[in-house]
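Using this note's numbering, the first residue of the sequence shown is number 117, and each one after it goes up by one.
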Amino acid sequence: MNRRETLIARVIAGYRAAYGADPEQLFAAPGRVNLIGEHVDYNDGFVLPCAIDRETIIALGEGDGAQFEAVALDMGAQARDSFALDAPIARIEGEWQNHLRGVVHFVQAGGYGVRPARIAVAGDVPIGAGLSSSASLGVAAALAVSAHSGLGLNPAQLARIAQAAENDFVGCACGIMDQMASAASVAGAALLLDCRTLATRAVPIHPDLAITVIDSGIRRHLTQSAFNQRRAECEAAAAHYGVAALRDCDPAQLEAGRGGLDPVLFARARHVVSEIGRVAPFAAALTGGDTAMIARLLGEGHCSLAEDFAVSLPALDRLAGLVQAALGTAGGVRLTGAGFGGCLVAVSQAAALPALDEVVARYNADAVQPARIEGFRPAGGAARIGL
Ligand code: GLA
């Protein structure tokens with residue numbers, strides 16, 4: 117059995133064990149790795165993530181009465197939830213439950229009827245690694261609810277619902293990137309996304325290039341992290357410049373209008389504006405296979421995240437430095453995702469991959485937390501899959 121078959125077998129067995137019947141449908145939504153455009157989605161900027169071949173799968177069958185029932189197979193033996201569809205849906209203590217509750221709430225809030233359902237959920241996106249296990253859960257749930265209730269919601273609608281659930285029910289002020297990457301990616305390509313309009317373009321990846329994720333093993337919880345604070349800082353900086361979002365500032369305006377702005381807020385804004393400027397040249401270099409340009413842009417991106425946005429950690433800086441030194445101009449590396457732990461992403465010539473193994477082994481020799489290399493293939497977005 118391959119990876120997906122194993123996951124499908126697990127979710128079907130879990131469904132049967134929980135409900136004593138076979139599921140009727142299966143839905144899958146992937147995690148993602150962001151190549152460039154970090155902490156710019158909630159500033160209305162451009163991002164370039166790539167869905168990965170790790171996913172959340174939901175098995176679904178008809179429900180009983182007006183209930184929505186769920187079992188989460190990765191969350192322990194007692195991980196069940198049940199709530200009424202004909203009464204207001206409340207938040208509870210429990211993150212995975214709140215993703216589901218929020219999705220159903222926001223589908224209903226959009227004026228749609230939700231049919232009773234029973235679901236089982238299982239996934240193989242590493243949790244807390246910055247690879248968007250949450251978004252894959254939210255998007256898989258939104259797709260399952262939409263299909264089961266005959267709503268035909270499109271990828272952008274699914275992404276908005278999953279994001280609203282994460283914002284309002286889970287309490288993380290995340291942007292739209294992860295959910296759009298999970299809902300709308302095209303297999304074999306990266307996804308250029310305009311976070312203001314939600315327009316997307318599939319960006320081909322040069323065949324000589326490999327995308328490698330290096331998991332630092334350091335876990336931080338997004339909701340409890342400084343994520344919401346960073347977002348508030350960006351909004352305060354945008355208000356200073358009198359723009360709707362930092363996307364509306366260019367580097368010259370940033371300097372010219374700086375007077376009176378707190379230096380920390382200025383640094384946050386400088387990261388966002390410079391990072392947005394790196395996305396289009398990176399997309400061109402990714403398609404053209406220009407690894408010297410990729411190395412430069414990823415290196416600048418990492419420094420900007422570490423210094424101006426202050427979301428890196430010394431261990432991540434050290435690992436990134438070692439990887440970059442080994443790659444030279446054969447590729448680049450940077451912190452990916454929200455930061456404060458999680459993963460690095462390297463984009464390099466495939467021929468340079470053995471060098472990465474050596475570097476990680478050297479780093480692990482005296483690291484408190486060993487790092488691990490994960491090879492992913494660029495995957496397609498959320499879909500109903502065969503039973
Ligand atoms: C998390 C959030 C995203 C985005 C990234 C940083 O993954 O969920 O919306 O802000 O961090 O780029």
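Beta carbons: idealized from backbone N, C-alpha and C, even for Gly. None of the values given here were measured: they were computed from a predicted structure.
(request) Indicate, with yes or no, if the ligand GLA has a heavy atom lying under 6 Å from the CB of Cys103. (result) Residue 103 lies beyond the range of the chain shown here (117 to 503); nothing can be said about it.
(message) Please tell me whether Asp197 and Gln213 are closer than 7 Å, where the distance is taken between their beta carbons.
(response) Yes, the pair counts as a contact, with Cβ atoms nearer than the cut-off.
(message) Since Gln506 and Ala318 should fall inside the 8 Å C-beta cutoff, what is the C-beta to C-beta distance between them, to a whole number of angstroms?
(response) In this structure the chain extends from 117 to 503, so residue 506 is not present and cannot be described.
(request) List in chain order: all unbroken alpha helix (DSSP H) runs of 4+ residues lying wholly within the stretch 208-292. (result) Whole alpha helix (DSSP H) segments, 4+ residues: 211-225, 249-264 and 271-281.
(message) Checking the sheet assignment: what are the DSSP bridge partners for Pro139?
(response) Within the DSSP secondary-structure output, Pro139 pairs in no beta bridge.
(message) Mapping the DSSP letters down to three states, classify Asp310 as helix, strand or coil.
(response) Annotated three-state conformation of Asp310 is strand, per DSSP.
(message) I'd like to confirm something about His155: is its beta-carbon nearer than 6 Å to some heavy atom of the ligand GLA, or not?
(response) True, at least one ligand heavy atom lies under 6 Å from that Cβ.
(request) Under 7 Å Cβ to Cβ from Ile128, same chain only, skipping five residues before and after it: list those, please. (result) The answer, listed in chain order, is Pro139 and Ala175.
(message) Taking the alpha helix (DSSP H) that Arg346 belongs to, which residues open and close that run?
(response) Unbroken alpha helix (DSSP H) run through Arg346: Phe343 to Tyr357.
(request) Within its chain, find whatever has a CB closer than 6 Å to the CB of Ala186; leave out the 5 residues flanking it on each side and keep chain order. (result) Asp197, Leu216 and Ile235.
(request) Spell out the partners DSSP gives Ala305 in its beta bridges. (result) DSSP, once it has assigned bridges, lists Pro320 as partnering Ala305.
(request) Just confirm the distance between the C-beta atoms of Phe184 and Leu201, as a whole number of angstroms; I'd bet it's less than 8 Å. (result) Contact check for Phe184 and Leu201: beta-carbon distance about 6 Å, within the 8 Å limit, so the pair qualifies.
(message) Please report the straight-line C-alpha distance between Gln224 and Gly161, rounded to a whole angstrom.
(response) The alpha-carbon separation between Gln224 and Gly161 amounts to approximately 29 Å.
(message) Between Asp169, Ala137 and Cys288, which has its C-alpha nearest Ala495's C-alpha?
(response) With distances taken between Cα atoms, Ala495 lies closest to Asp169.
(message) Is Met296 a contact residue of the ligand GLA, with contact defined as CB to any heavy atom under 6 Å?
(response) Outside the cutoff, so no.
(message) So the candidates are Gly458, Ala462 and Leu438; which of them puts its Cα closest to the Cα of Val449?
(response) Checking every option, the nearest Cα to that of Val449 belongs to Ala462.
(request) Mind the definition here: the stretch 363-371 touches the stretch 487-494 only if three or more C-beta pairs lie below 8 Å; say whether that holds. (result) Counting Cβ pairs under 8 Å, fewer than three are found: no touch.
(request) Please confirm whether any heavy atom of the ligand GLA lies closer than 6 Å to the CB of Met293. (result) Taking non-hydrogen atoms of the ligand GLA into account, the C-beta of Met293 is found less than 6 Å away from one of them.
(message) Within 10 Å of its beta-carbon, does Arg434 have 16 or more other beta-carbons around it, so buried, or fewer, so exposed?
(response) Taking every protein chain shown into account, the CB of Arg434 has fewer than 16 other CB atoms within 10 angstroms, so this residue is exposed.
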